[in-house]
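Residue numbers (our numbering), protein chains in the order written: chain A, 1 to 210; chain B, 1001 to 1210. This report refers to the structure that appears directly beneath it.
2 protein chains.
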Amino acid sequence: MAAHPAAAPDDCRSRLLSAAYAAFLAEGYRASVDRIAARAGVAKQTLYNHFPSKAELFAAAIHVAMEEMMASLGDAGRHLDLRERLIDFGVRYRAKLLAPAGIGCYRAMVAEAPHFPELAATFYRSGPEQTAARLAATLEMAMQRGELRREDPEFAANLLLSMLVGHELYPILFSGKPPAEPDSDAADRIVDCFLRALAPENPSFKRKAP
Amino acid sequence: MAAHPAAAPDDCRSRLLSAAYAAFLAEGYRASVDRIAARAGVAKQTLYNHFPSKAELFAAAIHVAMEEMMASLGDAGRHLDLRERLIDFGVRYRAKLLAPAGIGCYRAMVAEAPHFPELAATFYRSGPEQTAARLAATLEMAMQRGELRREDPEFAANLLLSMLVGHELYPILFSGKPPAEPDSDAADRIVDCFLRALAPENPSFKRKAP
DNA sequence: ATGCAAGTAGACTGCGCAGTCCATTCACTT
DNA sequence: AAGTGAATGGACTGCGCAGTCTACTTGCAT
């Protein structure tokens, strides 16, 4: 009967993507294609003109989320102190992972990883693994400069990432609390703990006195 | 027609529970009641004689998993050194959480928390929250004895728990690797890092020399 | 013996949902 | 003016699954 004026030439796909993004992060893979199409203001058939199946739509939405997560995680300016660089990174890392989008993405991926093995592997490689690798490189350089004790850089990077976002996840995941924390000093405290844990063994190189 | 000799008087329920436990931890809430009943060697109607709905069966199975997880996490003997107690705890904590059952339980709960809010809250309170509270009490006592620096005990407990099981979860969750690590020394290294991070500020109380 | 509690097989209902089909309508090109 | 490509709504198929119903069987207690 009445066909809307063909809504838009090509942003149709982007509307679908953002609707799928929102729906999958909020409801997980349960989100139905009918609801996603409706949310995008688009007919179901149009959805299937752009994506061959629900699984591919899901993968596309997760890729969007991945890019969004990794976007602002590059290393900060070189002119900063190690401590300041780690804090800067820590604040951004926590902001990304603890925000609703990060939580939703994590929840969806944890739930569906067994059913989408290659998507999960991609997610892992371009997310946590890459982040850890970059951080490990930064830490290794600091070790070579004598600012940190000699230690396996991978181990150290995993340790810091764990400290930054670990046990705190549980109340958010399991008792629907939004983060609700201004949180500006958590990264500070954590990074200071990390630096003490990896302080050089030889106390002759003292860090700058307060 | 032929009815099995009424299999067993009451272990019927326990067979259902363990089948549900296995199925839900392996497949999540997707696991169908038909398959669970079949796996238990029991008719579907029998399942519904014991559990009013799939949701309640799921809750019962998760409670079993919870009890199993918390069973062996009590504090170790008082005669141990702080470091030894933390390592002992760390080894058990890691063993529980990183084992397939722990991963399955975590995956199922993360995925279904939004659909079972009160079950998720119970899980949180009797799992992560209780663990953190006990550990915080232990750490607070150590702080009062001067073995650790004065610090918010909750923060310190969360920190140690995060360090023990944090970033390591990702490869297991997202790239179907079984833990595969003998792992006996990971807890040692982590606890040593933690103790350095929270070493007393006043260096007059030295820890026992090696 | 009789009756009750509990189990069994299997058919059946109803629902939600992925994916398809179709007749129609619009926008844009030539 | 005609044609092509894309979008539309809505009906339709098929599947898997939660939960119910029925008719039957068994063990135990009295």
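Think of the CB as a built atom: it goes at the ideal place given N, C-alpha and C, for glycine as much as any other residue.
DSSP places A:E56 inside the alpha helix (DSSP H), whose first and last residues are K54 to A71. Contact annotation: in the segment 102-129 of chain A, residues whose CB is within less than 7 Å of a CB in chain B are R107, M109, V110, A111, A113, P117, A120, A121, F123, Y124 and P128. Counting only Cβ-Cβ distances below 8 Å, A:R189 has contacts in chain B at F1155, in chain order. Contact check for B:A1111 against A:A111 passes: the beta carbons are separated by less than 8 Å. Not a single CB atom of chain A sits nearer than 8 Å to the CB of B:G1146.
When 7 Å is used as the limit between beta carbons, B:M1070 is near no residue of chain A, the shortest such separation being about 14 Å. In this structure, A:E154 sits away from A:A186, with a CB-CB distance that is not shorter than 8 Å. Spatial neighbours of A:E140 in its own chain (CB-CB distance under 7 Å, excluding positions within 5 residues in sequence) are listed in chain order as P153. Residues of chain B whose Cβ lies closer than 7 Å to the Cβ of A:E168 are, in chain order, N1158. Two segments are said to touch when three or more pairs of C-beta atoms, one from each, lie closer than 8 Å; by this definition the segment 1136-1151 of chain B does not touch the segment 1060-1073 of chain B.
Residues of the segment 7-34 of chain A whose Cβ lies closer than 7 Å to any Cβ of chain B, in chain order: G28.
For A:P114 and B:A1136, the gap between their C-alpha atoms comes out near 35 Å. If the five residues before and after A:L119 are omitted, its C-beta is found closer than 7 Å to the C-beta atoms of A59 and I62, all from its own chain and listed in chain order.
DSSP, reduced to helix, strand and coil, places B:G1074 outside both helices and strands of the structure shown, so it counts as coil. In the three-state DSSP reduction, B:P1117 falls in the helix class (H, G or I). Around the beta carbon of B:H1079, fewer than 16 other beta carbons lie within 10 angstroms, which makes this residue exposed. Using a C-beta cut-off of 8 Å, the segment 1024-1033 of chain B makes contact with the segment 1097-1111 of chain B, since at least three inter-stretch Cβ pairs fall below that distance. For B:F1051, no alpha helix (DSSP H) encloses it, and the DSSP letter there is neither H nor E.
Contact of B:S1184 with chain A is not assigned, every C-beta pair being separated by 8 Å or more. Under the DSSP assignment, B:L1169 falls in the alpha helix (DSSP H) whose first and last residues are L1169 to F1174. B:A1156 is the residue among B:F1123, B:R1125 and B:A1156 whose C-alpha sits nearest the C-alpha of B:L1086. With the rule of 3 Cβ pairs closer than 8 Å, the segment 161-181 of chain A counts as touching the segment 1161-1174 of chain B. Separation of the CB atoms of B:A1040 and B:L1016 is rounded to 5 Å, and the pair is thereby assigned contact status at 8 Å. Between B:A1197 and chain A, the shortest Cβ-Cβ separation is below 8 Å. Against B:P1052, chain A offers no close residue; the least beta-carbon distance is about 23 Å (beta-carbon pairs closer than 7 Å).
Membership of B:L1159 in the alpha helix (DSSP H) is indicated by the continuous run P1153 to L1164. A direct Cα-Cα distance of roughly 25 Å separates A:S126 from A:F194.
A:D11 sits in a helix when the DSSP states are folded into three classes.
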